[in-house]
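Asks: My questions all concern the structure below.
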Amino acid sequence: MNQPLFLGIIGNPIGHSLSPLIHNRWLGKTGRGGIYLPFKIPPARLKAFVRKARRQKMDGFNVTIPHKETILPLMNSVSREAKAIGAVNTVIRKGKNLTGENTDWQGYLAAYHSRFKKPLAGKTVVVLGAGGSSRAILYALCREKVGLVIVANRTVAKAEKLVGAFNPLFPKIPKKALPLKLSLLKPFLKRCDLLINTTSVGLNATRFHPSPIPLLSRKAIVSDLVYNPLLTPLLKEARKRGHPILPGLPMLIYQAAFSFRLWCKT
Ligand code: ATR
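Written out as structure tokens, the structure is:
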């Protein structure tokens with residue numbers, strides 16, 4: 061018989077996370093049983109937490125801001141995907157070994173494909189932001205063999221670094237880094253098939269000034285990783301103008317499902 065699972069999530073802050081709600085429900089609904097707890101862990105306590113997770117035989121845990129990158133060297137092994145993305149969002153324990161995985165990129169693709177039938181291969185995509193979430197999105201897009209991806213960031217050096225890091229991994233996928241300036245983005249927004257916001261703009265109803273939406277062609281899909289509010293000002297504006305939209309919540313739920321599946325295999 062399967063043992064109940066001891067799971068959790070670490071981050072700082074962690075109070076806002078929906079993951080305990082999602083996973084505790086699945087633990088109950090699937091009959092697997094167990095518990096998923098939130099742990100507020102400041103950076104200085106990360107190493108100690110990882111040691112304790114091994115000792116106390118946690119079956120696994122999720123990792124969120126600010127630990128996704130810094131936890132990599134504390135793992136016994138890291139999946140090919142998490143290594144390429146440079147971030148771990150899921151840890152699985154087998155015996156004394158902790159493996160770092162990344163399910164964010166799969167979560168995005170599952171959310172996209174559950175909503176849209178159009179394949180991403182060959183498409184032009186504009187990604188706003190070059191932080192941790194952007195890395196997972198860029199990986200997902202490259203795996204799908206998009207035709208061109210533009211990474212636009214307020215700090216252009218970060219976009220350049222990200223594109224530079226992905227060039228050797230996916231040399232055949234054309235990529236371009238740009239500052240987050242609409243005058244420079246205009247020609248790409250005009251022809252893009254998909255616009256993805258990975259920045260924190262939209263959180264608590266903050267918005268882009270000026271908005272990129274009026275520069276898009278009507279057929280472009282608009283996607284936002286922010287899920288609080290469920291419909292960000294960017295998505296509301298896009299919907300009003302007739303664009304198909306993809307909110308952030310489905311990605312959150314799919315990445316959780318991929319993590320849950322990994323833990324259930326233990
Ligand atoms: P995450 O892991 O969620 O991606 P992150 O790594 O802190 O978080 O990245 C946050 C992203 O949001 C960055 O691309 C950041 O731009 P900078 O690199 O220039 O800081 C972007 N961001 C945050 N606030 C922003 C704002 N007001 N306008 C535009 N971009 C913003």
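In our numbering, the protein residues as written are 61 to 326.
The C-beta atom is built at its ideal place from N, Cα and C for all residues, glycine as well.
These numbers were taken from a predicted model, which means no experiment stands behind them.
(1) Any contact of the region 199 to 206 with the region 260 to 274, i.e. 3+ C-beta pairs under 8 Å?
(2) Whose CA, out of R267, F320 and T326, lies closest to the CA of R85?
(3) Please state whether DSSP places L245 in a helix, a strand or coil.
(4) Contact check, A181 vs N162 under 8 Å by CB: the rounded distance?
(5) Which partner residues does P98 have in the DSSP bridge list?
(6) Give the straight-line distance between the Cα atoms of R115 and K205, rounded to the nearest whole angstrom.
(7) Looking at A171: is its Cβ nearer than 9 Å to the Cβ of L306?
(8) Does the ligand ATR have even one heavy atom less than 8 Å from the beta-carbon of A190?
(9) Helix, strand or coil: which one does DSSP assign to R206?
(10) Quick check: the region 70 to 77 against the region 87 to 103, are there 3 or more CB pairs under 8 Å?
(11) Note down the Cα distance separating S194 from L309, rounded to an integer number of angstroms.
(12) Answer with buried or exposed for N136, where buried requires no fewer than 16 other C-beta atoms within 10 angstroms of its C-beta.
(13) Please classify R251: is it buried, with 16 or more other beta-carbons within 10 angstroms of its beta-carbon, or exposed?
(14) How about I256: is its Cβ closer than 8 Å to a heavy atom in the ligand ATR?
(15) Closer than 8 Å: is that where the CB of N213 sits relative to any heavy atom of the ligand ATR?
(16) Based on DSSP bridge pairs, tell me the residues matched to A237.
(17) Just list the beta strand (DSSP E) runs in the region 106 to 180, keeping only unbroken ones of 3 residues or longer that don't cross its boundaries, in chain order.
(18) Taking only heavy atoms of the ligand ATR into account, decide whether any of them is closer than 8 Å to the Cβ of I125.
Replies: In short, the structure shows the following:
(1) no
(2) Along the sequence shown, read from residue 1 onward, the residue named residue 85 stands at position 25. Residue F320 is the option with its Cα nearest to R85.
(3) The count along the sequence shown starts at 1 and reaches residue 245 at position 185. Here L245 sits in helix by DSSP.
(4) The residue labelled residue 181 in the question sits at position 121 within the sequence shown. The residue labelled residue 162 in the question sits at position 102 within the sequence shown. At roughly 22 Å, the Cβ-Cβ gap does not stay under 8 Å, so A181 and N162 are not in contact.
(5) The residue you call residue 98 lines up with position 38 of the sequence shown. DSSP output for P98 lists I69 as bridge partner(s).
(6) The residue labelled residue 115 in the question sits at position 55 within the sequence shown. The residue labelled residue 205 in the question sits at position 145 within the sequence shown. Roughly 42 Å between the two C-alpha positions.
(7) As a position in the sequence shown, residue 171 is number 111, starting the count at 1. As a position in the sequence shown, residue 306 is number 246, starting the count at 1. Taking 9 Å as the Cβ cut-off, A171 and L306 qualify as a contacting pair.
(8) The residue you call residue 190 lines up with position 130 of the sequence shown. Checking the Cβ of A190 against the ligand ATR gives yes.
(9) Start at 1 with the first residue of the sequence shown, and residue 206 comes out as number 146. A small fix is needed here, since residue 206 is Val in this sequence, not Arg. Coil, per DSSP.
(10) yes
(11) As a first step, residue 194 is located in the sequence shown; it is residue number 134 there, counting from the start. As a first step, residue 309 is located in the sequence shown; it is residue number 249 there, counting from the start. Answer to the nearest angstrom: the Cα atoms are 16 Å apart.
(12) One-based indexing of the sequence shown puts residue 136 at position 76. With fewer than 16 other Cβ atoms within 10 Å, it is exposed.
(13) In the sequence shown, counting from the first residue as 1, residue 251 sits at position 191. Flag for R251 reads exposed.
(14) Here residue 256 refers to the residue found at position 196 when the sequence shown is read from its first residue. Not so, every heavy atom of the ligand ATR lies at least 8 Å from the Cβ.
(15) Walking along the sequence shown from the start, residue 213 turns up at place 153. Yes - the ligand ATR has a heavy atom lying nearer than 8 Å to the Cβ of N213.
(16) Position 177 of the sequence shown, counting from 1, holds the residue named residue 237. Looking at the DSSP assignment, A237 forms a beta bridge with V211.
(17) 120 to 123, 150 to 154 and 157 to 161
(18) As a first step, residue 125 must be located in the sequence shown, where it is residue number 65. Under cutoff, so the answer is yes.
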